Amino acid sequence: MKPSPSRTRRGQGELALLGEIRQRAAHACLGGLSLGIGDDCALLAPRRGEELAVTTDLSIAGRHFRLDWHQPEAVGHRTLARGLSDLAAMGARPVAAFLSLGLPRELTASRRAGYSSWVQRFLDGLLALAELHKTPLAGGDLAESPLAVADIVLVGAVPRGRAMLRSGARPGDLLYVTGALGGAAAGLARLAELAGAQPSRTSPPRIPKKLESMLAPHLYPQPRIAQGLWLQRHDLASAALDVSDGLSTDLAHLCKESGVSAEVEAALLPLHPAATLAQALHGGEDYEVLFTAPVTARVPRSIAGVKITRIGRIAKSRTGQPAITLLTQQGRQPLAPHGWEHFL
Ligand SMILES: [Mg+2]
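Per this note's numbering, the sequence shown starts with residue 88, numbered consecutively.
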């Protein structure tokens, strides 16, 4: 993030905000970073024998978050969590994050003296998660925009040729997932109820203390970095990806890339206590890691405090057969991908 004389001149407020971001980002740990914000480029220093993993995620107001539903801290946290989750899925260690923001003027200004602006609170949420995962904010850009937009780029490092891919699942492998499923969709539904109960408001609804933990999987999802790194180091997973769009959709991606089919046992699914089966199957944004492993692999019951659950198995792909079959007490039924629709 740097003032750029070759483009439209920045206002004083914008420059001050860039300076503040630079100062706050400088406190972050410099894991795999040689040079952070301030020069024309950041310099990254992967260790010998590593390759870089890069992912980008766009968050748009009205599509991925709502200014009248989500507190700015939660928007900042979720923006970074989406990128970190992709690194977790490949077993990559976070090296640096790059953030570009397009914001309407009212979000960069404090409404009252002594109070934080929307963007300062957004950074509170983003930088708290960055610190937790030792991910320095190493650059980005800022511009005034009619619509609030946050674009995050995450760079991670993984031993060369050892990243976990979507394409390695083989017939006979077992299918596992970290944590619980459906919690984010259940939390979003509850948040929508809270917001709908006060339709005239323009700022996010107040979250009662007793609902904080129920809404946490939606507002503050925890990317499974430690679990992804553990799986990668132990060379346990034959394939992996993160559950960002819902189990039915993401498992279909894994099946397609691996050229296999999958059977999911409904009774084994680790439903979040507040979630329905439909939310666990199709709800998005759980940010768990879905992975496959050979039957002979010794998969632990938990990794770094997060439960690991076997939910099914991988089978051969047969022409004319559904890619995913759901096994229930009523028998076998095809499971079609019903992905995440966000807010539109
Ligand atoms: Mg992903």
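In this text, a Cβ means the ideal position worked out from N, Cα and C, and glycines have one as well. What you are looking at is a predicted structure, and each value in this text was computed from that prediction instead of being measured.
In this structure, does DSSP put residue i in helix, strand or coil?
i: residue 350; result: strand
i: residue 199; result: coil
i: residue 227; result: strand
i: residue 221; result: coil
i: residue 106; result: helix
i: residue 320; result: helix
i: residue 372; result: coil
i: residue 208; result: helix
i: residue 141; result: strand
i: residue 260; result: coil
i: residue 393; result: strand
i: residue 386; result: coil
i: residue 335; result: helix
i: residue 281; result: helix
Is the beta carbon of residue i within less than 7 Å of some heavy atom of ligand 1?
i: residue 326; result: no
i: residue 168; result: no
i: residue 173; result: yes
i: residue 176; result: yes
i: residue 373; result: no
i: residue 329; result: yes
Please report how far the alpha carbon of residue i lies from the alpha carbon of residue j, in whole angstroms.
i: residue 190; j: residue 425; result: 32 Å
i: residue 351; j: residue 208; result: 41 Å
i: residue 255; j: residue 249; result: 12 Å
i: residue 134; j: residue 246; result: 9 Å
i: residue 223; j: residue 419; result: 47 Å
i: residue 293; j: residue 156; result: 9 Å
i: residue 142; j: residue 173; result: 7 Å
i: residue 217; j: residue 181; result: 9 Å
i: residue 389; j: residue 188; result: 37 Å
i: residue 112; j: residue 415; result: 49 Å
i: residue 158; j: residue 395; result: 31 Å
i: residue 125; j: residue 348; result: 49 Å
i: residue 338; j: residue 102; result: 45 Å
i: residue 312; j: residue 213; result: 16 Å
i: residue 284; j: residue 277; result: 11 Å
i: residue 211; j: residue 109; result: 13 Å
Go ahead and label residue i buried or exposed: buried means 16 or more other beta carbons lie within 10 angstroms of its beta carbon, across all protein chains shown.
i: residue 304; result: buried
i: residue 202; result: exposed
i: residue 354; result: exposed
i: residue 382; result: exposed
i: residue 166; result: buried
i: residue 372; result: buried
i: residue 160; result: buried
Within its chain, find whatever has a CB closer than 6 Å to the CB of residue i; leave out the 5 residues flanking it on each side and keep chain order.
i: residue 130; result: 121 and 122
i: residue 227; result: 88, 185, 186 and 187
i: residue 162; result: 152 and 209
So, for residue i: in the same chain, excluding its five sequence neighbours on each side, which residues have a beta-carbon less than 7 Å away from its beta-carbon?
i: residue 195; result: 100, 104, 204 and 206
i: residue 361; result: 270, 273 and 301
i: residue 147; result: 234 and 236
Which same chain residues end up closer than 8 Å to residue i when comparing Cβ atoms and leaving out the 5 residues on each side of it in sequence?
i: residue 340; result: 253 and 328
i: residue 405; result: 348
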